[in-house]
Amino acid sequence: MQPRILFQTLAIGEHRLDAQTSHHLAVVLRAQAGQLVTLFDGQGHEGQAKITAVQRSEVTVCVTAVEHVLRESPLAITVVQSLCTGDKMDWVIQKATELGAAVIVPLAAARSVLKLEGVRATKRVAHWAAIAQAASAQSGRTRVPRIRPIQTLHEVLDEWRRSPSPKTAVHLDPFAAQGLSEAQISGPITLMIGPEAGWSDDEEVLMQRAGFRAVRCGPRILRTETAALVALTALAIRAGEF
């Protein structure tokens, strides 16, 4: 399979790749002159290119064709994922990207075990953005989901209230009366995923008052790192992607 590389200034002609990408191609993948690669700009375009020169920290490619590719989900889904511990958040970012999420918002929920502030938060968000970029390249996406800064529930709800209608907002609750497959959907979707210890009573009230509907994904209780992926898959099936 041809390597796929994010290259934001995609256009026909010869281009020099940045040092990090060049090192990955030349040293990790051992690419050679004459090899074909695929470039994508993260905005829906994809280009075919041939490597024309290889050095350890500089690879040159010649783009021969650029086209707009329709490979994104027909649903505009924002995943609001409560912060989770260990490498679980990395896993969610990677798999949510593969499953077509358009935006991912890390949420500092009341019961989130992981606490991130200041420089640590900034570095972690940059780390997650790099994971999303790599997952987009691997999965054949032509857009890279936006990884937003870590937000509080109040910030998420305030932003959602200001967004234009129609729109759909749900939060997963294993004890909800309505299943996700039964929920009416119109416009962009905001999908709220609770933390490992569950939502607090105050958070439940705030989401309900803001217009978020409680829905369940099946009869079993899902881990926080599983819930978003199950919901994204269910929505993709509803949209006819499978």
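Numbered according to this note's numbering, the sequence shown spans residues 1304 to 1545. Even glycine gets a Cβ: it sits at the ideal position worked out from N, Cα and C. Only a predicted model underlies this, so the values are computations on that prediction, with no experimental measurement involved.
Straight-line spacing of the CA atoms in Val-1447 and Gly-1501 works out to 29 Å. When Leu-1417, Thr-1471 and Leu-1386 are compared, the shortest CA-CA separation from Leu-1378 is found for Thr-1471. Going by beta carbons, Gln-1397 and Ile-1434 fall inside the 8 Å limit.
In the DSSP annotation of this structure, Leu-1538 is not part of any beta strand (DSSP E); the continuous alpha helix (DSSP H) holding it starts and ends at 1527–1541. In its chain, beyond the 5 residues on either side, Leu-1460, Trp-1463, Arg-1464 and Ala-1472 have a beta carbon closer than 8 Å to the beta carbon of Ala-1513. In the DSSP secondary-structure assignment, Met-1510 is not bridged to any residue.
In the three-state scheme derived from DSSP, where H, G and I count as helix and E and B as strand, Glu-1349 is classed as strand. Going by C-alpha positions, Ala-1356 is about 56 Å away from Pro-1522. Counting every other CB atom within 10 Å of its CB across the protein chains shown gives Ser-1325 a total of 16 or more, marking it as buried. For Thr-1312, the secondary structure class from DSSP, reduced to helix, strand or coil, is coil. Per the coordinates, the alpha-carbon of Ala-1539 lies some 13 Å from the alpha-carbon of Thr-1400. If you draw a straight line from the Cα of Cys-1365 to the Cα of Arg-1319, it is about 9 Å long.
Gly-1316 is classed as exposed because its beta carbon has fewer than 16 other beta carbons within 10 Å across all chains shown. Within the stretch 1411–1498, the complete alpha helix (DSSP H) segments of 4 residues or longer fall at 1421–1442 and 1456–1465, listed in chain order. Looking from the CA of Leu-1342, the closest CA among Val-1416, Arg-1359, Gln-1358 and Thr-1363 belongs to Thr-1363.
Around Ile-1488, the same chain offers Thr-1471 as residues with beta carbons nearer than 7 Å, after the five sequence neighbours per side are excluded.
Counted as a single uninterrupted DSSP element, the stretch harbouring Gln-1384 is not any alpha helix (DSSP H) but the beta strand (DSSP E) occupying residues 1380–1385.
For a cut-off of 8 Å, the C-beta gap from Ala-1322 to Ser-1360 is around 5 Å, short enough to register as a contact. By the CB criterion at 8 Å, Val-1406 and Arg-1444 fall outside the cutoff.
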